[in-house]
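Residue numbering for the sequence shown is 82 to 268, as defined by my numbering. Note that CB positions come from ideal geometry on N, CA and C, so glycine has one too. On a predicted model such as this, the values are computed, not experimentally measured, just so you know.
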Amino acid sequence: QKTAYEIPKRDWSSDVCSSDLGLGLSALAAGLAMKKTKGKAVTLDSYIEERLNSYIYEPNMRDKIIEENDSYKNVCYFIKKFSLENTLYNEIGWSPENISTVVEKHFNMPLDYIFIDSNHKEEQLFKEIEALLPYSDKNTQWLFHDVIDTLWTPKIEEFCNKNLNKKMKVLLTRNENCSDLGMLINR
Numbered sequence: 082q083k084t085a086y087e088i089p090k091r092d093w094s095s096d097v098c099s100s101d102l103g104l105g106l107s108a109l110a111a112g113l114a115m116k117k118t119k120g121k122a123v124t125l126d127s128y129i130e131e132r133l134n135s136y137i138y139e140p141n142m143r144d145k146i147i148e149e150n151d152s153y154k155n156v157c158y159f160i161k162k163f164s165l166e167n168t169l170y171n172e173i174g175w176s177p178e179n180i181s182t183v184v185e186k187h188f189n190m191p192l193d194y195i196f197i198d199s200n201h202k203e204e205q206l207f208k209e210i211e212a213l214l215p216y217s218d219k220n221t222q223w224l225f226h227d228v229i230d231t232l233w234t235p236k237i238e239e240f241c242n243k244n245l246n247k248k249m250k251v252l253l254t255r256n257e258n259c260s261d262l263g264m265l266i267n268r
């Protein structure tokens, strides 16, 4: 894998690591994987909800969210600590509105890996998948956090089947220490 795009964890309260350093771990994992393969990863909006005390945000809340949040700082810290300066790029922006700008800034080829952790609303997840479609191809690996019934709906499943010819396979199931992780696989 050489290229990755991540829309990171927005549900800080269920992170496996409860300390502030737990925020940004998915970006770190992507960065370390890309470093190993001499690839590059970009993470977008890694700082959203911690100051709101909610994983659900609305556009009118955006002015409350700043780059000084711990999640953003943690990703910056991980980049420096693990020498990921030429591998992992922590971008400020909003998903899905800034996806095309951010992806086109860093990549000129289809992405190998996309990780989406949406804000637990079907409409938001749909918009994020739709915005990333032009940057994917048949070999792109799509991973999703929180593939719960209320988020991974028949509408989302049908859209992925029609546009990607893929279906959801749950890799990890939810328990008190872990949230769902799913991957789209070929039909």
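- By the neighbour-count definition (other C-beta atoms within 10 Å, threshold 16), Glu209 is a buried residue.
- The alpha helix (DSSP H) runs of length 4 or more contained entirely in the segment 171 to 235 are, from start to end of the chain, 180 to 187 and 203 to 213.
- Taking a C-beta distance under 8 Å as the contact criterion, Glu178 and Leu125 do not qualify as a contact pair.
- Here the C-alpha atom of Ile197 lies approximately 16 Å from the C-alpha atom of Ala114.
- Beyond the five residues adjoining it in sequence on each side, Arg255 comes within less than 6 Å, by CB distance, of Asp261 in the same chain, given in chain order.
- Counting C-beta pairs with one atom in each stretch, the segment 185 to 193 and the segment 209 to 219 have three or more that are closer than 8 Å, which means they touch.
- When rounded, the separation of the alpha-carbon atoms in Leu165 and Asn155 is 13 Å.
- A distance below 8 Å separates the beta carbons of Met264 and Lys250.
- Collapsing the DSSP output to three states places Lys247 in a strand.
- Ile160 is classed as buried because its beta carbon has at least 16 other beta carbons within 10 Å across all chains shown.
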